[in-house]
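Scroll down for the structure; my scribbles are underneath it.
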């Protein structure tokens with residue numbers, strides 16, 4: 052004769068939950084094997100895991116993800132850079148430009164006539180002083196000098212608006228190369244095509260900013276994005292470049308073309324060994340720009356340059 056079922060005896064034979072000993076359970080964690088009640092189990096790809104194993108698995112996953120990123124892997128942008136929210140390079144460039152402007156204003160004792168300071172005169176791009184007197188540092192230093200508060204404000208606003216997005220998608224190194232090679236290309240265009248005795252000297256971050264604009268244009272075309280914003284930006288800057296007197300047309304065009312070429316070298320590099328091919332492209336463009344400036348400099352007439360007093364300030368003149 053069979054005995055009637057005894058639920059109390061069956062429950063007594065079951066082990067207690069590891070975390071709740073007073074709860075008999077027939078379930079267990081498929082990872083560690085410890086008995087667990089339904090409240091202490093979480094569904095997993097295979098079976099059920101206890102809360103401790105779920106927590107330990109999450110820690111292992113985060114640790115592996117950090118190691119994966121530190122090894123240079125992980126999410127990449129179209130330029131081959133690791134995705135980052137940082138805009139440190141843009142912030143540093145902006146701060147340096149503002150600091151240099153304040154130094155020239157302090158030296159000239161004027162926020163609008165800061166171009167009369169010796170620092171401004173010794174750093175802006177004069178063709179005769181650069182090529183005829185060998186002052187080649189001007190091809191870089193002119194990109195950090197600005198004529199008055201409106202000039203610096205407009206350029207820094209443009210840098211902040213365009214630079215942040217491009218730095219995030221390009222990565223710090225590529226973005227820095229894009230900015231400075233564009234600046235160099237703008238200076239080269241001025242030396243090649245503008246009057247070397249032009250007064251006043253060329254200055255401002257506009258050449259590099261037009262390089263960022265060229266990069267923006269190539270990126271829009273490559274990714275087939277909505278070109279409306281690009282068209283409006285180009286039209287507005289074309290009006291400013293050709294419609295306002297005193298704007299360095301050759302500097303703007305040189306920066307725009309150089310920025311576009313640099314971006315082509317970065318975006319269209321082969322995926323295999325992408326960073327190496329990008330570096331080769333940047334070196335070729337930079338050497339071409341330096342070669343053109345050296346060729347133009349070899350044709351220049353030697354000049355004698357000096358500071359003279361002018362409008363209650365110092366003015367650098369050659370000839």
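Residue numbers (this note's numbering): 52 to 370. For each residue, glycine too, the CB sits at the ideal point set by N, CA and C. Everything numeric in this text was worked out from a predicted model, so none of it was measured.
I think residue 190 touches residue 181, with their Cβ atoms under 8 Å apart; what is that distance to the nearest whole Å?
7 Å
Output the residue ranges of the alpha helix (DSSP H) runs that lie fully inside the stretch 277-326 and measure 4 residues or longer, sorted by chain position.
279-294, 300-318
DSSP three-state label for residue 135, please.
coil
Would you call residue 52 buried or exposed, if buried means 16 or more other Cβ atoms sit within 10 Å of its Cβ?
Residue placement at residue 52 is poorly supported in this model, since its pLDDT is 45, which falls under 50; the coordinates are not used for a value here.
Distance check for residue 329 and residue 173, CA to CA, integer angstroms please.
34 Å
Return the bridge partner residues of residue 195 from the DSSP annotation.
Residue 195 pairs with nothing; no bridge assigned.
Report back the beta-carbon spacing between residue 130 and residue 221 to the nearest angstrom; my notes put them in contact at under 8 Å.
5 Å
Give a yes or no on whether the C-beta atoms belonging to residue 299 and residue 253 are separated by under 8 Å.
yes
For residue 171 and residue 275, what's the separation of their Cα atoms in angstroms?
42 Å
Can you round the beta-carbon distance between residue 262 and residue 233 to whole angstroms, since I take them to be within the 8 Å contact cut?
2 Å
If you reduce the DSSP assignment to three classes, tell me which class residue 270 lands in.
helix
May I ask which residues mark the beginning and end of the alpha helix (DSSP H) holding residue 244?
223-244
How long is the line joining the alpha carbons of residue 73 and residue 67, rounded to whole angstroms?
6 Å
Extent of the continuous beta strand (DSSP E) run through residue 130
It is not in any beta strand (DSSP E) - residue 130 carries neither H nor E in the DSSP assignment.
Given a cut-off of 8 Å on the beta-carbon distance, is the pair residue 229 and residue 266 in contact?
yes
Whole-angstrom distance between residue 169 and residue 155, CA atom to CA atom:
8 Å
With DSSP collapsed to three states, give me the class of residue 155.
helix
Tell me whether the stretch 324-338 and the stretch 283-290 touch, counting them as touching only if at least three CB pairs, one residue from each stretch, are closer than 8 Å.
no
Candidates 98, 176, 90: which alpha carbon is nearest residue 83's?
98
Along the chain, where does the beta strand (DSSP E) that runs through residue 92 open and close?
92-94
If you compare alpha carbons, which of 198, 247, 309, 270 is closest to residue 350?
247
Does DSSP put residue 253 in a helix, in a strand, or in coil?
strand
Leaving out five residues before and five after residue 359 in sequence, what residues of the same chain have Cβ atoms less than 6 Å from its Cβ?
366, 368
On the three-pair Cβ rule with 8 Å, is the stretch 142-151 touching the stretch 190-210?
yes
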